[in-house]
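For reference, the structure is listed below as structure tokens.
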Amino acid sequence: MTVPTAYEPMVRAEQVHKSYGLVEVLKGIDLQVQQGQVFCLVGPSGSGKSTFLRCINHLEKINAGRLYVDGELVGYKEKGGKLHELPDREVALKRRDIGMVFQRFNLFPHKTALENITEAPIQVKGVSKADAREQAHALLARVGLADKAGNYPSQLSGGQQQRVAIARALAMEPKLMLFDEPTSALDPELVGDVLDVMRQLAEDGMTMIVVTHEMGFAREVGDALVFMDDGMVVESGHPREVLTNPQHERTRAFLSKVL
Amino acid sequence: MTIPQDDAPPPRGRPEEIRAVAVRHPGRWVAVAVIAVLAAMFAHLLFTSSVLHWDVVGQIFTYPTVITGLGRTILLTVLAMVIGIFGGILLAVMRLSGNPVLSGVSWIYIWVFRGTPVLVQLYVWNFLGALVPTIGIGIPFGPTFVSWNYNDLIGLFTAAVLALGLNEAAYFAEIVRAGIQSVDEGQSEAASSLGLNRGQTLRRIVLPQAMRVIIPPAGNETISMLKTTSLVSAIALEDLTRAGQDIASRTFYEIPALVAISLWYLLITSILSVGQFYIERYYSRGTNRVLPPTPWHKIRTNLFSVKRVGGTA
Numbered sequence: 003m004t005v006p007t008a009y010e011p012m013v014r015a016e017q018v019h020k021s022y023g024l025v026e027v028l029k030g031i032d033l034q035v036q037q038g039q040v041f042c043l044v045g046p047s048g049s050g051k052s053t054f055l056r057c058i059n060h061l062e063k064i065n066a067g068r069l070y071v072d073g074e075l076v077g078y079k080e081k082g083g084k085l086h087e088l089p090d091r092e093v094a095l096k097r098r099d100i101g102m103v104f105q106r107f108n109l110f111p112h113k114t115a116l117e118n119i120t121e122a123p124i125q126v127k128g129v130s131k132a133d134a135r136e137q138a139h140a141l142l143a144r145v146g147l148a149d150k151a152g153n154y155p156s157q158l159s160g161g162q163q164q165r166v167a168i169a170r171a172l173a174m175e176p177k178l179m180l181f182d183e184p185t186s187a188l189d190p191e192l193v194g195d196v197l198d199v200m201r202q203l204a205e206d207g208m209t210m211i212v213v214t215h216e217m218g219f220a221r222e223v224g225d226a227l228v229f230m231d232d233g234m235v236v237e238s239g240h241p242r243e244v245l246t247n248p249q250h251e252r253t254r255a256f257l258s259k260v261l
Numbered sequence: 004m005t006i007p008q009d010d011a012p013p014p015r016g017r018p019e020e021i022r023a024v025a026v027r028h029p030g031r032w033v034a035v036a037v038i039a040v041l042a043a044m045f046a047h048l049l050f051t052s053s054v055l056h057w058d059v060v061g062q063i064f065t066y067p068t069v070i071t072g073l074g075r076t077i078l079l080t081v082l083a084m085v086i087g088i089f090g091g092i093l094l095a096v097m098r099l100s101g102n103p104v105l106s107g108v109s110w111i112y113i114w115v116f117r118g119t120p121v122l123v124q125l126y127v128w129n130f131l132g133a134l135v136p137t138i139g140i141g142i143p144f145g146p147t148f149v150s151w152n153y154n155d156l157i158g159l160f161t162a163a164v165l166a167l168g169l170n171e172a173a174y175f176a177e178i179v180r181a182g183i184q185s186v187d188e189g190q191s192e193a194a195s196s197l198g199l200n201r202g203q204t205l206r207r208i209v210l211p212q213a214m215r216v217i218i219p220p221a222g223n224e225t226i227s228m229l230k231t232t233s234l235v236s237a238i239a240l241e242d243l244t245r246a247g248q249d250i251a252s253r254t255f256y257e258i259p260a261l262v263a264i265s266l267w268y269l270l271i272t273s274i275l276s277v278g279q280f281y282i283e284r285y286y287s288r289g290t291n292r293v294l295p296p297t298p299w300h301k302i303r304t305n306l307f308s309v310k311r312v313g314g315t316a
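So the protein lines, in turn, are chains A and B. Counting with our numbering, you get residues 3 to 261 for the letters of the first sequence. Counting with our numbering, you get residues 4 to 316 for the letters of the second sequence.
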């Protein structure tokens with residue numbers, strides 16, 4: 003049982019299980035992400051951290067357990083003691099509040115940086131074109147790309163594309179941002195720009211869940227850190243403690259390789 | 004900007020420009036000679052043959068019945084392709100949907116319409132009146148409120164448009180399906196993570212990117228359709244081919260008639276190819292850093308570079 007808190011946590015996972023066929027990828031994840039926290043998920047590849055992140059906005063369906071975002075079940079509705087699947091339209095409605103940034107950026111290649119950002123506000127929220135463009139210009143300035151509004155993604159470097167992707171997610175004014183290894187596909191010298199934008203976002207009070215291999219970022223910006231291995235939470239705590247004084251053998255083995 | 008001059012002293016330490024002798028291609032010169040001889044023989048035949056009658060070709064080319072037939076051929080092509088494209092997109096979306104009823108219906112449609120010859124389908128639409136004499140609105144197996152005679156409702160032209168268009172839809176569905184499946188999964192994920200629903204994701208994100216894959220075969224299909232419409236002469240519809248045949252059987256100028264209508268088909272096909280180039284160019288924006296040059300651009304840059312080489316040589 004979880005201790006009742008004054009605030010409902012932004013994300014609450016209770017015994018979350020996920021399998022692909024016979025392979026169990028998540029074997030009972032319990033965790034809580036508080037409002038305004040920067041929550042880092044680390045661990046070896048294949049440990050299930052990206053899968054868990056994708057479950058949070060229902061890109062993947064969980065097989066057992068409960069997953070809540072801002073107090074509401076993800077992807078289901080509980081009625082009369084039974085779970086009912088949410089229709090496509092309502093799932094889409096909830097995703098508006100959860101921004102996601104992907105490892106491979108996934109910008110829309112046929113749209114300019116500006117159009118990438120204005121697409122969802124115009125189509126989903128019904129914001130007027132002029133307002134959406136104004137907001138997009140402000141967001142591009144915020145991620146340091148004020149002069150790239152008219153460029154197509156193929157004309158931008160990886161780091162610039164990822165910053166546009168962050169601006170695109172922010173345009174929906176989400177209450178939670180998910181980052182799926184946002185710097186793993188970048189050349190080393192481009193990583194810093196993206197991390198700077200994320201650091202700024204954290205300072206502004208955004209709730210962020212970050213799957214990352216950037217231990218420096220986790221230590222400096224993170225409020226909480228979970229080490230996952232083989233579909234389970236091995237160790238959790240404040241990043242500085244876990245990273246400098248790991249309690250478990252598996253955490254120590256992993257950190258000795260990446261630090 | 005300054006353009007470096009060849010006569011200016013080279014920067015210090017820069018090695019001499021490479022001016023190598025190009026590789027020789029003797030095989031190419033042999034091929035050119037062989038092709039030139041064959042082309043000369045063909046040209047000789049064209050201008051000296053007694054059955055070609057170029058003056059008659061010219062007359063048939065602009066003969067009123069030929070022009071009327073041409074108009075009908077173009078109209079048939081356009082209408083059949085419109086039905087084919089929209090029907091094809093609908094069938095492809097049904098085929099890819101999670102709904103087993105929709106994807107099953109789509110599968111059966113494609114199976115039937117792709118599995119029987121177009122000519123047979125033309126006959127079927129033409130003679131369907133025998134099986135379904137009247138078409139009406141009412142309660143199935145119950146009373147009918149309004150009804151029409153099939154042959155009044157579906158004339159020759161409508162039967163031809165339906166046959167060609169519905170057949171095309173089956174082929175086009177497969178082209179659209181390939182296009183949709185060629186778009187990276189991450190695109191739909193990004194779109195849905197922003198809150199776009201399935202319809203918006205398909206219309207605004209996936210289909211525009213699929214177009215890049217869809218356009219080349221679609222151009223192929225349109226050109227193919229232009230020529231397939233000649234089959235409608237089998238149900239006595241006066242199209243371009245039929246107009247040419249009629250003149251040939253009246254005047255015995257068979258070869259000139261065939262040449263005249265072939266020239267029309269070639270001309271329309273060429274126009275369609277140019278249109279295809281520009282549509283492809285439009286949908287490639289964003290995927291190439293620089294848009295591919297139009298033929299006009301190419302001519303201009305070639306002229307420019309020739310001038311520059313000439314000036315510095």
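We put the CB at the ideal spot given by N, CA and C, even for glycine.
Under 8 angstroms between C-beta atoms of residue i and residue j
| i | j | result |
| --- | --- | --- |
| V129 of chain A | I168 of chain A | no |
| N59 of chain A | I100 of chain A | yes |
| R180 of chain B | R98 of chain B | yes |
| G189 of chain B | N118 of chain A | no |
| V27 of chain A | G45 of chain A | no |
| I140 of chain B | V149 of chain B | yes |
| Y66 of chain B | L94 of chain B | no |
| V164 of chain B | A260 of chain B | no |
| Y281 of chain B | H56 of chain B | no |
| A239 of chain B | T68 of chain B | no |
| E191 of chain A | Q105 of chain A | no |
Residue i Cβ short of 7 angstroms to the ligand ADP heavy atom set
| i | result |
| --- | --- |
| F229 of chain A | Questions concerning the ligand ADP fall outside what the structure shown contains, since it holds no ligand whatsoever. |
is_contact[residue i, chain A] using C-beta, thresh 8 angstroms
| i | result |
| --- | --- |
| P136 of chain B | no |
| Y219 of chain B | The question names Tyr, yet the displayed sequence has Pro at residue 219 of chain B. So no, P219 of chain B is outside the interface. |
| A173 of chain B | no |
| S185 of chain B | no |
| E283 of chain B | no |
| N200 of chain B | yes |
| G182 of chain B | no |
Chain B contact for residue i (CB, 8 angstroms cutoff)
| i | result |
| --- | --- |
| T4 of chain A | Model confidence at T4 of chain A stands at a pLDDT of 49, short of 50, so the residue's coordinates are unreliable; what they give is reported in the following sentence. Answer no: the Cβ-Cβ gap between T4 of chain A and chain B never drops below 8 angstroms. |
| P111 of chain A | yes |
| L95 of chain A | yes |
| N108 of chain A | yes |
| T246 of chain A | no |
Of the listed residues the options, nearest to residue i (C-alpha basis)
| i | options | result |
| --- | --- | --- |
| G91 of chain B | B:D242, B:I183, B:Q190, B:L229 | B:I183 |
| G73 of chain A | A:P11, A:R201, A:A204 | A:P11 |
| I217 of chain B | B:P295, B:L205, B:I178 | B:I178 |
| R170 of chain A | B:T119, B:L197, B:T147 | B:L197 |
| R97 of chain A | B:Q212, B:S195, B:N154 | B:S195 |
| F110 of chain A | B:R15, B:A221, B:E192 | B:E192 |
| L73 of chain B | B:Q279, B:I302, B:V235 | B:V235 |
| Q37 of chain A | A:L75, A:E136, A:E121, A:D206 | A:D206 |
| A234 of chain A | A:T214, A:M208, A:P184, A:F54 | Ala is not the amino acid found at residue 234 of chain A; the sequence shown has Met there. Per the Cα distances, A:F54. |
Range covered by the beta strand (DSSP E) that runs through residue i
| i | result |
| --- | --- |
| R68 of chain A | 66 to 71 |
| I138 of chain B | 137 to 141 |
| K20 of chain A | 13 to 22 |
| M200 of chain A | First-last for M200 of chain A: 190 to 205, but that is the alpha helix (DSSP H), not the beta strand (DSSP E). |
| M179 of chain A | 178 to 182 |
| S238 of chain A | 234 to 239 |
| I100 of chain A | 100 to 103 |
| A226 of chain A | 226 to 231 |
Where the alpha helix (DSSP H) through residue i begins and ends
| i | result |
| --- | --- |
| E257 of chain B | 257 to 286 |
| G74 of chain B | 67 to 99 |
| H47 of chain B | 29 to 51 |
| A138 of chain A | 131 to 144 |
| Y153 of chain B | 153 to 156 |
| I250 of chain B | 243 to 254 |
| T253 of chain A | 251 to 260 |
| Q190 of chain B | 188 to 196 |
| M217 of chain A | 217 to 223 |
| F130 of chain B | 121 to 130 |
Local Cβ density within 10 Å of residue i, reported as buried at 16 or more and exposed below that
| i | result |
| --- | --- |
| R31 of chain B | exposed |
| F219 of chain A | buried |
| R165 of chain A | buried |
| G224 of chain A | buried |
| M228 of chain B | buried |
| M4 of chain B | With a pLDDT of 49 at M4 of chain B, under the threshold of 50, the modelled position of that residue is not reliable, and no figure is offered here. |
| V60 of chain B | buried |
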